[in-house]
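Read through the structure below, which is laid out as C-alpha cells, and then see the notes.
Residue numbers (full-length UniProt numbering): 1 to 136.
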C-alpha cells in the first residue's frame with residue numbers, strides 16, 4: 001500500500017512528480033527523485049504518477065479541480081427569496097423570523113441576510129443615559 005499525498009505541501013509534491021516525469025520519462029527515476037526530495041514521505045505509486053501526468057495533460061493542472069464543489073447544493077438563495085427578505089426587513093427590521101417572512105428554514109433566511117444582503121444581526125443593548133460628568 002502506498003500513500004503519496006498526505007501532509008506537507010501536496011501541491012508542491014504533485015508539481016514535482018509531473019515535472020520530473022516530463023524531464024526524465026521514467027517512473028522509476030521519478031520515484032527515486034521523490035525519495036531524495038521528500039525523504040519523510042513514501043514515494044508515489046506508478047499508477048499515481050501516471051494519473052497525475054494524464055490529469056496535467058488533459059486539464060492543464062495536476063491540482064484538485066473539485067475543491068469547493070463537494071457537499072449538498074444549497075437551493076434556497078434564489079433571487080425571489082432574496083427580494084422577499086429584503087422587502088420584509090425594510091418594512092420591519094426587527095422581525096427576523098424566517099417562518100413569518102415566508103422563506104423556509106431559518107438557516108436560509110440567515111444566509112440570505114448575511115451573504116446576499118450583507119446585513120449583520122445585532123441586539124440592541126439598553127444602557128444608561130450619558131450625563132455631562134461621564135464625558136472625558
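Every residue, glycine too, gets a C-beta built ideally from N, C-alpha and C.
- Counting the other Cβ atoms within 10 Å of the Cβ of residue 81 gives 16 or more, which makes it buried.
- Comparing alpha carbon positions, the residue from 58, 130, 109, 60 closest to residue 120 is 109.
- Classified as exposed, residue 10 has fewer than 16 neighbouring CB atoms from the shown chains inside 10 Å of its CB.
- If you compare the alpha carbons of 61, 95, 107 with that of residue 77, the shortest gap goes to 107.
- Look at residue 46 here: in three-state DSSP terms it is helix.
- Residue 33 carries a helical assignment under DSSP once its states are collapsed to helix, strand and coil.
- Its chain contains 13, 16, 17, 20, 41, 43, 44 as the residues whose beta carbon lies nearer than 8 Å to that of residue 34, once the 5 sequence neighbours on both sides are disregarded; these appear in chain order.
- With contacts defined by Cβ atoms closer than 7 Å, residue 55 and residue 47 do not form a contacting pair.
- Within a 10 Å sphere around the beta-carbon of residue 52 sit 16 or more other beta-carbons, which makes this residue buried.
- For residue 13, the secondary structure class from DSSP, reduced to helix, strand or coil, is helix.
- The alpha-carbon separation between residue 66 and residue 87 amounts to approximately 36 Å.
- Spanning the alpha carbons of residue 25 and residue 104 requires a straight line of approximately 57 Å.
- For secondary structure counted as the alpha helix (DSSP H) over 4 or more consecutive residues, the stretch 55-119 holds these complete runs in sequence order: 79-91, 98-101, 106-111.
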